[in-house]
Amino acid sequence: MSNGRDLEDLNEEDIDEDEILAMLSPEELKELQSEMDVIIAPDESVPVGQRQKDQTEKPPTGTFDHRSLVDYLYWEKESKRMLEEERVPATLLNLKRKKKKKNAGCGKYEEPETVEPNEKLPEKEERKIGKLKIPKLSLNNIKITSRPSGNDTNLESTLDKIRKNNPSITEVNLNNIENIPKEMLVDYVNALKKNKYVKTFSLANTGVDENISFNLANMLRENRSITTLNIESNFITGKGIVAIIRCLQFNETLTELRFHNQRHMLGHHAEMEISRLLKANNTLLKMGYHFEQPGPRMFCFISIRDIVFAKSQQL
Numbered sequence: 001m002s003n004g005r006d007l008e009d010l011n012e013e014d015i016d017e018d019e020i021l022a023m024l025s026p027e028e029l030k031e032l033q034s035e036m037d038v039i040i041a042p043d044e045s046v047p048v049g050q051r052q053k054d055q056t057e058k059p060p061t062g063t064f065d066h067r068s069l070v071d072y073l074y075w076e077k078e079s080k081r082m083l084e085e086e087r088v089p090a091t092l093l094n095l096k097r098k099k100k101k102k103n104a105g106c107g108k109y110e111e112p113e114t115v116e117p118n119e120k121l122p123e124k125e126e127r128k129i130g131k132l133k134i135p136k137l138s139l140n141n142i143k144i145t146s147r148p149s150g151n152d153t154n155l156e157s158t159l160d161k162i163r164k165n166n167p168s169i170t171e172v173n174l175n176n177i178e179n180i181p182k183e184m185l186v187d188y189v190n191a192l193k194k195n196k197y198v199k200t201f202s203l204a205n206t207g208v209d210e211n212i213s214f215n216l217a218n219m220l221r222e223n224r225s226i227t228t229l230n231i232e233s234n235f236i237t238g239k240g241i242v243a244i245i246r247c248l249q250f251n252e253t254l255t256e257l258r259f260h261n262q263r264h265m266l267g268h269h270a271e272m273e274i275s276r277l278l279k280a281n282n283t284l285l286k287m288g289y290h291f292e293q294p295g296p297r298m299f300c301f302i303s304i305r306d307i308v309f310a311k312s313q314q315l
């Protein structure tokens, strides 16, 4: 350069790389290294972990204290041991320690105690075991039926007595009877329209669906004797429940209605309609249902409370 030669005339042999690098400062060397890493392709024969430059250099955050680390690990282990002793009773810990001691002394042989021939062995005490006195169970009051539910109601004879207005039938309990035909359930509901003596009608877990609930609603429009109706654990939808409660405006006899635990959820609109209809009802005193929505739940509670209070004032 100083002799006036052009760059084209320079050969690689004329360039002294060591001399040029010796003239660079440390900052310039780092900058040159970073540029070379970008320009030069990495060597495929070198492992990937060695191709990258070290970027973890940073000043130390503090001094390392070996003793403090050992103390910390010791007290952490002791705290875990104390917590374990608090959870496990002391008797179990003692048993564990005794087992460890026995296992540790398995290598030692201890001679068994010898008994002299003149000495007599202590006789074993005979224990007399008395016979257990099992009281006889009285099976006179237990009714044995062929149904798994245990409900022994005779469907045909009970239905015939309801149709004939027999005064002896004041409660009809069909709860949990398996496989009652839908036609027979409809016959029961229709027979109760003109009946004057049945006070309680229970149909829990009998497969009552929406169609039968509409028949129940029509029955309540005409019946004037039923005070309790139980239709829990069935397949009635929100429309069926709303239809039953809507017909209570024509019925002033029913005081208790239970329809909880249906297969289908009633829904928000059905619950709001039920609470609205209960506001206009003045006879229902008990209702077996848990409202899912807080608004209808509180509204229904206030309505039934007001009805009970008004009845108590009349008495």
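All residue numbers for the sequence shown refer to the UniProt record's numbering, where the first residue is 1 and numbers rise by one.
Glycine included, each C-beta is placed from N, C-alpha and C at the ideal position.
How would you call Ala22, buried or exposed, if buried means at least 16 neighbouring beta carbons within 10 angstroms?
Within 10 angstroms of the beta-carbon of Ala22 lie fewer than 16 other beta-carbons, which makes it exposed.
Since I believe Val198 is in contact with Leu192 (beta carbons under 8 Å), could you give me their beta-carbon distance rounded to a whole number of angstroms?
Yes, they are in contact, since the Cβ atoms of Leu192 and Val198 sit about 6 Å apart, within 8 Å.
To the nearest angstrom, how far is the alpha carbon of Met265 from that of Gly238?
Those two C-alpha atoms are separated by around 7 Å.
Given Pro294 as reference, the closest of Lys77, Gly62, Met36 and His269 once Cα atoms are compared
Closest option to Pro294, Cα to Cα, is His269.
Buried or exposed for Val46, going by 16 or more other Cβ atoms inside 10 Å?
By the neighbour-count definition (other C-beta atoms within 10 Å, threshold 16), Val46 is an exposed residue.
Just how far apart, CA to CA, sit Asn195 and Phe250?
Spanning the two alpha carbons is a distance of roughly 17 Å.
In this structure, how does DSSP classify Asp16 when only helix, strand and coil are distinguished?
DSSP places Asp16 in coil when its eight states are reduced to three.
Exposure label - Phe64; buried when at least 16 CB within 10 Å
Exposed, by the Cβ-count rule.
According to DSSP, residues forming a beta bridge with Glu256
Per DSSP, Thr228 and Lys286.
CA-to-CA distance, Pro59 to Leu24, given in whole angstroms
As the crow flies, the alpha-carbon of Leu24 is around 25 Å from that of Pro59.
By DSSP, does Ser202 sit in helix, in strand, or in coil?
Note: Ser202 maps to strand in three-state DSSP.
Whose C-beta lies closer than 8 Å to the C-beta of Thr170 among residues of the same chain, with five residues either side of it excluded?
Short of 8 Å from the beta carbon of Thr170, and not among the five residues preceding or following it, lie these beta carbons of its own chain, in chain order: Tyr197, Val198, Lys199 and Thr200.
Go ahead and pull the three-state DSSP assignment for Glu172.
Here the sequence assigns Val to residue 172, which means Glu is not the residue at that position. Note: Val172 maps to strand in three-state DSSP.
At the level of alpha carbons, what is the spacing between Leu139 and Asp152?
Legend: pLDDT at Leu139 = 49, less than 50; position of this residue unreliable, no value from coordinates given.
Cys247 vs Ala280 beta-carbon contact at 8 Å
Cβ atoms of Cys247 and Ala280: not closer than 8 Å.
Three-state secondary structure assigned by DSSP to residue 322:
Because residue 322 is not part of the residues shown, which for the chain are 1 to 315, the question remains open.
Test item: CB-CB of Ile177 and Arg147 under 8 Å
With respect to Arg147, Ile177 sits close: the two C-beta atoms are nearer than 8 Å.
Expressed to the nearest angstrom, what Euclidean distance is found between the alpha-carbon atoms of Asp160 and Glu210?
Going by the C-alpha atoms only, they are around 25 Å apart.
With 16 as the cutoff for other CB atoms within 10 Å, does Tyr109 come out buried or exposed?
Any reading at Tyr109 needs caution, since the residue's pLDDT is 48, under 50, leaving its predicted position unreliable; the model's value is listed next. Classification for Tyr109: exposed.
Quick check on Thr253: buried or exposed, where buried means 16 or more other Cβ atoms within 10 Å of its Cβ?
By the 16-neighbour rule on beta-carbons within 10 angstroms, Thr253 is exposed.
Rounded to whole angstroms, what's the CA-CA distance from Asn166 to Arg224? Just pull it up for me.
Cα to Cα, the separation comes out at about 16 Å.
Taking Ile226 as the reference, give the member of Gly207, Ser149, Glu256 and His260 with the closest Cα.
Per the Cα distances, Glu256.
Using the beta-carbon count (16 or more within 10 Å), is Leu83 buried or exposed?
Burial call: exposed.
Looking at the structure shown, is Gly150 part of a helix, part of a strand, or coil, going by DSSP?
If DSSP states are grouped into helix, strand and coil, Gly150 belongs with coil.
By how many angstroms is the C-alpha of Glu78 removed from the C-alpha of Pro42?
One C-alpha to the other measures close to 52 Å.
Quick check on DSSP: helix, strand or coil for Phe214?
Helix.
Helix, strand or coil: which one does DSSP assign to Asn190?
In the three-state reduction of the DSSP assignment, Asn190 falls in the helix class.
On the DSSP letters alone, give me the boundaries of the alpha helix (DSSP H) that Met265 sits inside.
From DSSP, Met265 is part of no alpha helix (DSSP H); its letter is neither H nor E.
I need the straight-line Cα distance from residue 343 to Leu277, nearest angstrom please.
The chain is shown only over 1 to 315; residue 343 falls outside these bounds and no answer can be derived.
Please state whether DSSP places Tyr197 in a helix, a strand or coil.
Shown here, Tyr197 sits in coil according to DSSP, grouped into three states, outside any helix or strand.
Val262 classed as buried or exposed, judged by whether at least 16 other C-beta atoms fall within 10 angstroms:
Looking at the sequence provided, one finds Gln at residue 262 rather than Val. Classification for Gln262: buried.
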